[in-house]
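Residue numbers (our numbering): 45 to 126. Idealized CB from N, CA, C, for every residue including glycine. Note that this is a predicted model, so its numbers are computed, not measured.
So, in structure tokens, the structure goes:
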């Protein structure tokens, strides 16, 4: 899951923690200057992991976001019956 610091995407981070499976992992890529709107209760009760990575330059992040806008970034989603 790729996130950056716009208010809309910070809201998506909060949604990611609600939607990720129990014992799942949320990955944040980039350097957000805002606080993450995440409930410690949600993280603890679901046993979630948060992984962050700040690799790459600002230009590379812009290129990545442009790729996402063009639809060149593919999300692979698999739903399993419980």
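Around the C-beta of residue 118, fewer than 16 other C-beta atoms lie within 10 Å, and the residue is accordingly described as exposed. Distance from residue 57 to residue 81 at the Cβ level is roughly 7 Å; contact confirmed, criterion being Cβ atoms closer than 8 Å. For the options 66, 61, 73, the alpha carbon positioned closest to that of residue 124 is the one of 66. The beta carbon of residue 62 is closer than 8 Å to those of 86 in its chain, skipping five residues each way along the sequence.
Ranked by how close their Cα comes to the Cα of residue 94, the residues 107, 69, 104 have 69 in first place.
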